[in-house]
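Okay, so here's the structure we're looking at.
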Amino acid sequence: MNHFIDVIIPVPLKKLFTYSITASEANFLKAGMRVAVPFGKSKIYTGIVFKVHNDPPVAYEAKDIQQILDDSPVVNEKQLRLWQWIANYYMCTMGDVMRAALPSAFILESETVVLKNNTKEIDESILKDDEFLVYEALHHQSSLKIHDISNILDKKHVLPVIKRLIEKEAISVEEEVYEKYKPKLVRYAKLHSSFSSETALQKLLEDLSRAPKQRQVVMTLFSVSATTKKPVKVSDLAAESGASTAIIKSLIDKEILEEYYIQTDRIQYSGDENEATKNLNEYQEIALKEIRESFNKHSVTLLHGVTSSGKTEVYVKLIEDALAHGKQVLYLLPEIALTAQLITRLQNYFGEQVAVFHSKYSSHERVEVWNQVLNNTTKAKIVLGARSSIFLPFNNLGLIIVDEEHEQSFKQFDPAPRYHARDTAVVLANMHEGKILLGSATPSLESYFNAKQNKYGFVEITKRFNDVLMPDIELVDIKEKLKKKRMKGHFSDRLIEEMTETLGEGHQIILFQNRRGFSPIVECNTCGNSPQCPNCDVSLTYHQYRNQLRCHYCGYNSAMIKDCMACGSAELDNKGFGTEQIEEEVKLLFPEHKVARMDLDTTRGKYGYEKIITALEQQEIDILVGTQMLTKGLDFRNVKLVGIMNADNMLNFPDFRAHERSFQLMLQVSGRAGRTEERGKVLIQTYNPYHNILQQVSTNNYIDMYNEQMNDRYNYKYPPVYKQIKITLKHKDYNRVDTASLWLAKSLAQVFKEHVLGPESPPISRIRNQFHKNILVKIPKQQSLSKTKEAIIKINNSFSAVKDFRSVKIILNVDNF
Ligand code: ADP
Ligand code: ZN
Ligand code: ZN
């Protein structure tokens, strides 16, 4: 009998590839293990075994695999089923899903990983036979690529042997990819045991009196570890004592200090373990009871709780429930809301059981969490993570919490898989027969609609914790203010008044402006020309700090121009405004106060965001100017005033969700004001204070907003009433994409009739030199989604068969948010 495996490889091909394996490999291999496979003429890919079977492929001769990379699966069966669901639902390939799902360290290119002999002499007698074979081979060749070893050893032994050789320090690898097998060693030091007595220590300090720096190291070590007798991290010791690591090294050489290497987890635990969870107030208690009851009927339940109602503490109780049943918990939240504030809060309750999965962490840190989840260790019973943590290999998931469930960032736009983490999490929870709680102060229309249809359970908390009042929201008409000359730059007299009062009381202020940079448009006063991005169909944004013009779509930048590029006039004007400009104006208005800015430009790097948050918490900042980054679940005690600089550009954004989003954004930012005893104040500056959304925001009227927006969605056949699939075509030649999109829209209309809209050029019709066209297919609830997709795929296939269209890129976006 012949043996085969179907393998998922990270390429955008529709079908899985079949490879041939030996009988012994068939015994060994399981779905979810990695294999290195040849592909095309010369490529080698890391693939995931999807299925082991006996059916040869029909259309081609199966090649042999090159080597087996695991001795047990790294992806479990439930995950593979989830991958399949995602590929199906979001119309992408399994390879696309694999690329998003696996930490990049798992996808290794066995061609490029080079093994080397360790320079250190080792005792060869500790090597087993198979290990010795590889070790020997390296002696003769000084370096080997991993796949060369497949000729020496049986494929399934290669990786385990390499792993053992690395552990025995017999060989090393050039690629950091293999870090996964290398425990991370951290250097520690402690006082040598010969100085453990008081007198010996006294003598030592005397001896060192003429080497003050060395003496300082010993003193520091003594002060930090005398009571615990624990070794201290060398890097910490250096930082504390102000001595260089070279000085510490010299103390080690003199045998005054002893050196240790301790294997540590990369993710440091920082909380005070096992603080008791809080007693809930009556509203939280009722909500908790209702959620538990709701879970008996609905695996999905929506918790609509106003900002600062104490939702997190309710989640904590549910987490306790799940842990008591020995289950794993996934706590999903938008990337940016994954703050130290929240992590510490959970670690205080649950200690080391909390793991964090974050895209700003290195690939190795992510592999570590991955393995903990895979092995269901106590260390990652609760995973706190952003979007991609739905891909972790849970095997016993009892509860998923999706906090800030309305957040747009749960949807991945580019590249494929274009999945929505909240909706995928619902599927994931069902696979585990677990429960899922969606929480928000401003639920998405989708979730609220599902709750109203009784598809989801529904629970509310309408009061803030501790009877703190909802903030007082005031609309300021800037058109009036301009007329009466009561504006200073972008600040109305009302805003300045409130700011002055707030600062006088020693409280802090947050100012929200949803654009970064200094001014979005630089315009010539003579001819009206404004500098455009050479690659995209947008105006460049002026960034004053670097005196640059930048494109926010492709990253293009150039030095600021002095004269108009069209007519040479020197009269350039800044139109519109961004966070930089607001920051500058505030500094002029309140020169004696500390002002900071939080946007994409000031928060790069792993801790960029955290630093600003901490500074605000520590009250080192009086006024913080920022973009939507400010809205996310932060809890600041002392912020009393929130100013929204301009509500209109959000409301006028060309998207059917613009009004819903503006409502959510404004209420979320408002929620940052007055979270303690004193009532917070919010000022919203606008040209149109009578806009319905602004009225609904100022009265915190979610229901009115919901009903009005749903009315529009019914009338114009938008989600959640209709489902929709957006098809984007891209090409560098405008005529080609134009013809192609007309052809495609016409073919689709033959099947879907009036439910096809477009082709249309999007508001920004060229990005990175590619022209875009959009076609929208609307799908009534009663129409089968899978049949619709089949029809679209069929039409796409005939599209691709047209020679002229072959180079046109097609992007499918299901439930495009
Ligand atoms: P939400 O997530 O609904 O915005 P939080 O859970 O952050 O609200 O709670 C708001 C504030 O109230 C936090 O500072 C939190 O520590 C506090 N809090 C909430 N519930 C309790 C409780 N049961 N006991 C003590 N403090 C609480
Ligand atoms: Zn000009
Ligand atoms: Zn650009």
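The opening position of the sequence shown corresponds to residue 266 in the working numbering, with each subsequent residue numbered one higher.
Note that beta-carbon positions come from the ideal geometry of N, C-alpha and C, so glycine has one too.
Q) What is the DSSP secondary structure of P277, counted as helix, strand or coil? A) Here P277 sits in coil by DSSP.
Q: In angstroms with no decimal places, state the Cα-to-Cα distance between T1091 and A589.
A: The structure shown does not extend to residue 1091, since the chain is modelled only from 266 to 1082, so the question has no answer here.
Q) Cα-Cα, which of T844, L597 and R729 is closest to V648? A) It is L597.
**Q.** C792: CB within 6 Å of a non-hydrogen atom of ligand 3
**A.** no
Q) P303 lies in the beta strand (DSSP E); which residues open and close that run? A) Counting along the chain, the beta strand (DSSP E) containing P303 begins and ends at R299 to F304.
Q: Pull up the distance between the alpha-carbon of T512 and that of I387, whole angstroms please.
A: Per the sequence presented here, residue 512 reads as Ile, with Thr not at that position. Those two C-alpha atoms are separated by around 29 Å.
Q: Please classify V1079: does DSSP put it in a helix, a strand, or coil?
A: strand
Q: With DSSP collapsed to three states, give me the class of T806.
A: strand
Q: Report yes if the C-beta distance between L409 and L418 is below 7 Å; otherwise report no.
A: no
Q: Compare the Cα-Cα distances from R480 to each of A508, A454 and S461 and report the closest residue.
A: A508
Q.
Is E943 near ligand 1 - that is, is its Cβ less than 6 Å away from at least one heavy atom of it?
A. no
Q. Can you check whether the CB of V579 is closer than 7 Å to the CB of I701?
A. No, the Cβ-Cβ distance between I701 and V579 is not below 7 Å.
Q: Kindly indicate which residue of H1037, I1057 and R1031 has the alpha-carbon position closest to the one of A1014.
A: I1057
(Q) Measuring straight from C-alpha to C-alpha, what distance separates T311 and V851? (A) 54 Å
Q | Alpha-carbon to alpha-carbon, H569 and F668 | A | The amino acid occupying residue 668 in the given sequence is Asp; Phe does not appear at that position. Taking the straight line from one Cα to the other gives about 11 Å.
Q) Sorry if obvious, but does the Cβ on E578 come closer than 6 Å to a heavy atom of ligand 1? A) yes
Q: Enumerate in chain order the residues of its own chain whose CB-to-CB distance from H858 is below 7 Å, with the five nearest sequence positions on each side excluded.
A: L768, D887 and I888
Q: Can you give me the Cβ contacts of K478 inside the same chain, cut-off strictly under 6 Å, excluding the 5 residues immediately before and after it?
A: A508 and I512
Q | Own chain residues within Cβ distance below 6 Å of L639, not counting five before or after | A | P658
Q | Nearest-angstrom beta carbon gap, I517 and V483 [assumed within contact, 8 Å] | A | With 8 Å as the limit, V483 and I517 do not qualify as a contact, their Cβ atoms being about 12 Å apart.
Q: Report buried or exposed for S375, applying the criterion of at least 16 other Cβ atoms within 10 angstroms of its Cβ.
A: Because S375 carries a pLDDT of 46, less than 50, the predicted location of this residue cannot be relied on, and the following value inherits that uncertainty. Buried is the call here.
Q) How would you label Y354, buried or exposed, when you count the other beta carbons within 10 angstroms and need 16 or more for buried? A) buried
Q.
If contacts are defined as beta-carbon pairs under 8 Å, then D222 and R299 qualify, I think. What distance do you get, rounded to the angstrom?
A. The question about residue 222 has no answer, for the chain in this structure spans 266 to 1082.
Q) Would you call the region 988-995 and the region 1032-1042 in contact, with 3 or more CB pairs under 8 Å? A) yes
Q: Report the three-state DSSP secondary structure of S488 (helix, strand or coil).
A: helix
Q: Return helix, strand or coil for F269, following the three-state DSSP convention.
A: Assigned with DSSP and collapsed to three states, F269 falls in strand.
Q.
For F1064, report the span of its alpha helix (DSSP H) as first-last.
A. L1050 to A1066
Q) So is T765 in contact with chain B if we call contact Cβ pairs under 7 Å? A) Here chain B cannot be found, since the structure has a single protein chain.
**Q.** Unbroken beta strand (DSSP E) run spanning M863, endpoints
**A.** M863 -> beta strand (DSSP E) spans V860 to M863.
Q: Could I get the ranges of all uninterrupted alpha helix (DSSP H) runs contained in the region 702-783, with 4 residues as the minimum, in chain order?
A: Complete alpha helix (DSSP H) runs here, min 4: 710-717, 743-748 and 758-769.
Q: Please indicate yes or no: does the CB of C798 lie closer than 6 Å to some heavy atom of ligand 3?
A: Checking every heavy atom of ligand 3 against the Cβ of C798, one is found closer than 6 Å.
Q) Any chance the region 308-327 sits against the region 285-299, with 3 or more Cβ pairs inside 8 Å? A) yes
(Q) By DSSP's criteria, N839 is part of a beta bridge. Which residues make up the other side? (A) V787
Q: Classify R815 as buried or exposed, calling it buried when 16 or more other Cβ atoms lie within 10 Å of its own Cβ.
A: buried
(Q) Below 6 Å, is the gap between the Cβ of T572 and the nearest heavy atom of ligand 1? (A) yes
**Q.** Neighbourhood of R978 by C-beta, 6 Å cutoff - its chain only, sequence neighbours within 5 removed
**A.** So the list reads V986, once near-sequence residues are dropped.
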